[in-house]
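Just so we're on the same page, my numbering is the position in the sequence shown counted from 1, plus 77.
We put the beta carbon where it would ideally sit given N, CA and C, even for glycine.
Since we're looking at a predicted model, the values are computed, not measured.
Shown next, in structure tokens, is the structure this report addresses.
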Amino acid sequence: MRRVYLDNNATTPLLPGVFEAMRPYFAERFGNASSIHHHGQETRAAVEDARESVADLLGCRAAEIVFTSGGTEADNLAISGLVKGGDHVITSSIEHHAVLHASKHLEEIGCEVTYLMVDGRCLVDPGDVRRALRPTTKLISIMMANNETGVLQPVEEIGKIAAEAGVPFHTDAVQAAGKVPIDVARIGCHALSISGHKMHAPQGVGALYVRKGTHVRPLFYGGRHERSRRAGTENVAGIVGLGKAAQLAKEALDRSDDRKMAALRDRLEQGILAQVDEAGVNGKGAPRVPNTTSLHFDHIEGEAIVIALDLKGLAVSTGAACSSGAIEPSHVLTAMGLRADQARASVRFSLGRQTVAEDIDFALALVPETVARLRELSPVYRKTAIGS
Ligand code: PLP
């Protein structure tokens, strides 16, 4: 059976070039990057090359990159590392759970956290950030791109507000890295998280940019790895993969491949909406990353659509991967003002660098017919249709 994967916000496949770059580090190049002999020097050089590539993608110095086990650890390192009990933190209600649950933990240790609301387009108002500032505010953490809607937040404006107030600014750029150009100096952030597996590197590796002069307390203690910011023997193969993926992403952005991806995404979105009524784009009218569209198909469960499409070979998602099977509607979609039933009726399609035009044709042939079939089976829809 033909299978098409449009769930790249959950995870991406390794690009062949990434896998080839990693391959030697599973076997013949096995040294501990802290060892002084030949084997260690070989892997140390590979780790430092990867650091240069990641820094190049983000527009920072190599020394400002701390490798981590992924986006979750990078978020936690920034949040726990910049804040202590009694401090005030500003974040948003649409953050990934890596930030939201880390913020809940801060509340348990005596911090106060303001969770800003978003408008119907999934956008944080920078004015709200300014209004939420207090003398005790020690961190602003607002994501760059939302994982469910792909909506890009006004991080540059927020960065300016943070700079004026002298408050450190962290942004979770896990869903933005490799999809849109990132320049940490333009954003004006002090810390920025990325994750390998959202940009065609392997799962279990990520990085935190930490601006020179910004002190983050480590999450755990051990050796002096990563300039004492992240103890633990480096995951060399993973780091090499992240470095290669960063290099390939930079080259693709320089070639404006993101525009081609946006064109494919727009064809998918418009093609579906032209054939399906009582449906709409979540985050319509807001700037978005080029690979994501989140659509609500009223009167049916997104979960049912995902399962029906999977049976036909198309992999999509109801939103955050970890919420699959959960009965609660997405916190992001409800924060945007969607009714709980509309939030539950939402499906996320996310493209990757491997997505080709034929994949979009495949989805366009399947989605409208699947929605129509499920609506026919839905008592809610039939009642509304008969009533109208
Ligand atoms: N932040 C965002 C916006 C994400 O989408 C994800 C993963 O879904 C994470 C953080 C967590 O990253 P990781 O899976 O590398 O821990």
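Problem set entry | Cys399 classed as buried or exposed, judged by whether at least 16 other C-beta atoms fall within 10 angstroms | Bear in mind that a pLDDT of 46 at Cys399, under 50, signals an unreliable position, so the model cannot answer this.
For this session: Measure the alpha-carbon distance for Glu446 versus Lys389 and round it to whole angstroms.
Result: 11 Å
For this session: Helix, strand or coil for Val195, going by three-state DSSP, please let me know.
Result: coil
Exercise. What are the boundary residues of the alpha helix (DSSP H) that Leu83 is part of?
Worked result: It is not in any alpha helix (DSSP H) - Leu83 carries neither H nor E in the DSSP assignment.
Exercise. With respect to the alpha helix (DSSP H) encompassing Gly348, which residues constitute its N-terminal and C-terminal limits?
Worked result: 334-352
For this session: Would you check if the distance between the CB atom of Arg294 and the CB atom of Gly158 is smaller than 8 Å?
Result: yes
For this session: Return yes when the C-beta of Asn224 is under 7 Å from any heavy atom of the ligand PLP, and no when it is not.
Result: yes
Exercise. Taking the beta strand (DSSP E) that Thr149 falls in, what are its first and last residues?
Worked result: Premise fails: Thr149 lies in the alpha helix (DSSP H), 148-159, not in any beta strand (DSSP E).
Exercise. Can you tell me whether Phe103 is buried or exposed, with buried defined as 16 or more other CB within 10 angstroms of its CB?
Worked result: exposed
Problem set entry | Cβ-Cβ distance between Gly379 and Ser423 below 8 Å | yes
Problem set entry | Distance, Val383 Cα to Glu185 Cα | 37 Å
For this session: Could you tell me if the beta carbon of His302 falls within a distance shorter than 7 Å of some heavy atom in the ligand PLP?
Result: no
For this session: Rank Thr370, Thr248, Gln352, Ile171 by C-alpha distance to the C-alpha of Asp343 and give the top, closest one.
Result: Thr370
Problem set entry | Which of helix, strand or coil DSSP assigns to Glu475 | Nothing in the structure corresponds to residue 475, since the chain is present only between 78 and 465.
For this session: With a threshold of 7 Å, establish whether the CB of Val409 neighbours any heavy atom of the ligand PLP.
Result: no
Exercise. Less than 7 Å between the CB of Thr149 and some heavy atom of the ligand PLP, yes or no?
Worked result: yes
For this session: Using the Cα positions of Met338 and Tyr82, report the straight-line distance between them to the nearest angstrom.
Result: 14 Å
Problem set entry | the region 256-276 in contact with the region 99-114 per 3-pair CB rule at 8 Å | no
Problem set entry | Among His408, Ile377, Phe96, Arg306, nearest to Ser146 - alpha-carbon criterion | Arg306
Exercise. Does the distance from the C-beta atom of Ala222 to that of Leu229 stay below 8 Å?
Worked result: yes
Problem set entry | Leu428 beta carbon less than 8 Å from that of Ile325 | Reading off the sequence, residue 325 comes out as Leu, not Ile. Cβ distance not < 8 Å, so Leu325 and Leu428 don't count as in contact.
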